[in-house]
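Each residue of the sequence shown is one higher than the one before, starting from 1 at the first, in the UniProt record's numbering.
Beta carbons: idealized from backbone N, C-alpha and C, even for Gly.
All values derive from a computational prediction rather than experimental measurement.
The structure appears below as structure tokens.
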Amino acid sequence: MAQRRLRKIKGASEQDQQEEKPTYEEDIEEEDLGYVNGIIKIKNISVRNLKKMDLLGKSDPYVVFKAGDEEKHTTTVRNKLDYDYVNEEYDLIYNPLKMQGKKEVEVEVYDYDVMTNNDMIGAVNVDILPSKNKETRIELFLQPKNDVELKSNTNQKLGKVLFTMIYIPEDDFLKKFRQKELIRKKTEQEIIINKEFEEQKQKEEIEKAIEEKRRIAEEERIRKEALDAQYIKGVVKFKNISVRNLKKMDLFGKSDQFQKIITLSMLASSFSDDVSKSSVFLGIFLIARCRNSMLGKGRSSDFGAKKYCWQMYSYLLSFID
Numbered sequence: 001m002a003q004r005r006l007r008k009i010k011g012a013s014e015q016d017q018q019e020e021k022p023t024y025e026e027d028i029e030e031e032d033l034g035y036v037n038g039i040i041k042i043k044n045i046s047v048r049n050l051k052k053m054d055l056l057g058k059s060d061p062y063v064v065f066k067a068g069d070e071e072k073h074t075t076t077v078r079n080k081l082d083y084d085y086v087n088e089e090y091d092l093i094y095n096p097l098k099m100q101g102k103k104e105v106e107v108e109v110y111d112y113d114v115m116t117n118n119d120m121i122g123a124v125n126v127d128i129l130p131s132k133n134k135e136t137r138i139e140l141f142l143q144p145k146n147d148v149e150l151k152s153n154t155n156q157k158l159g160k161v162l163f164t165m166i167y168i169p170e171d172d173f174l175k176k177f178r179q180k181e182l183i184r185k186k187t188e189q190e191i192i193i194n195k196e197f198e199e200q201k202q203k204e205e206i207e208k209a210i211e212e213k214r215r216i217a218e219e220e221r222i223r224k225e226a227l228d229a230q231y232i233k234g235v236v237k238f239k240n241i242s243v244r245n246l247k248k249m250d251l252f253g254k255s256d257q258f259q260k261i262i263t264l265s266m267l268a269s270s271f272s273d274d275v276s277k278s279s280v281f282l283g284i285f286l287i288a289r290c291r292n293s294m295l296g297k298g299r300s301s302d303f304g305a306k307k308y309c310w311q312m313y314s315y316l317l318s319f320i321d
């Protein structure tokens, strides 16, 4: 009986353990829920006090970041033990299925070698969960490759690696991406609307300027027509004409007054078209040039020229009549 009871108790204990085991596994699964598909963003990368690896120099360091099969390299710098990788930012895709249970970003610092294989200066592993949706500053001592899994942060005289890291789950990343896209599209739409508004405004200003120019030209045309309308074809009569103290113009005489030019000049201004005005003024000019021939005074003149001038004079008088 005692043995049977012992077996029952033993069986009950094993049964209780089996019932408790799934609960433990569930706790593990709940813990792993934090490690989901996402993006790991790394920036502000620096190295400090690196171990000298070259015989005739310092080190030529570059940093490698790994997450599963994802791998990103910084640039390589020459002969440096301290360096800031300015404006270098890298994104790693985190996929729990590809990580095979790993929850860390592997960080390795190498010394570049032209002739032989690159030498690893040191490495560290960084858990991504503390950086979930939170930008975290990482500063760790490099460890020998074989001691990396111990997650120690003791000074091994290999130097330090520093960087800023944030782990953004896929859903949050997509949410932020969509928000950025909405902001970008909204900004683009605002730019397009503002551009169209400015173009429309410029177009209206140009049209307004053209319309104003037309209005001024039309007002000037009307004003000119009104002014020209006051000067109609007619006759200007002069009388009681006299001259006093004229300047002596002839070598062997005085002056030969020619008041008729004044009348013809007034006649010319009464014509609205430029052709008639030009014709009259040309005639005035010719008569003025040959007035001595018309009057037959002064030195002797050619009979043909005198005749032509009298004909022109008679033609111009016909405008007055």
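To the nearest angstrom, how far is the alpha carbon of residue i from that of residue j?
i, j, result
"K43", "N155", "23 Å"
"L92", "E104", "12 Å"
"K208", "T75", "59 Å"
"P61", "V86", "14 Å"
"residue 343", "E70", "Given a span of 1 to 321 for the chain in the structure shown, any question on residue 343 remains unanswerable."
"L182", "R215", "48 Å"
"N146", "D171", "36 Å"
"D111", "R184", "42 Å"
"E198", "K213", "22 Å"
"I210", "Y231", "32 Å"
"D113", "E190", "53 Å"
"I222", "N245", "45 Å"
"Q100", "K80", "36 Å"
"V235", "D250", "32 Å"
"E196", "Y90", "38 Å"
"K201", "E218", "25 Å"
"I192", "P96", "43 Å"
Are the CB atoms of residue j and residue i within a distance shorter than 8 Å?
i, j, result
"T136", "M165", "yes"
"P144", "G159", "no"
"N49", "D82", "yes"
"G57", "L129", "no"
"K51", "K176", "no"
Just to confirm my understanding: we take residue i, look at its own chain, exclude 5 residues before and 5 after, and list those with CB closer than 6 Å. What are they?
i, result
"S46", "D84 and L162"
"V64", "H73 and E108"
"E139", "L162"
Any idea if residue i is buried or exposed, counting beta-carbon neighbours within 10 angstroms, 16 or more meaning buried?
i, result
"G38", "buried"
"M53", "buried"
"I40", "buried"
If I measure Cβ to Cβ from residue i and keep anything under 7 Å in the same chain, skipping five residues before and after, which residues do I get?
i, result
"D127", "K103 and E104"
"K98", "G68 and D69"
"A226", "none"
"R78", "D60"
Below 8 Å CB to CB, which residues in the same chain sit around residue i once its five sequence neighbours on both sides are set aside?
i, result
"N133", "I166, Y167, I168, P169 and D172"
"K151", "N125"
"E88", "K43, I45, T74 and T75"
Tell me, please, which residues DSSP counts as bridged to residue i.
i, result
"G122", "V109"
"I45", "Y85"
"R137", "T164"
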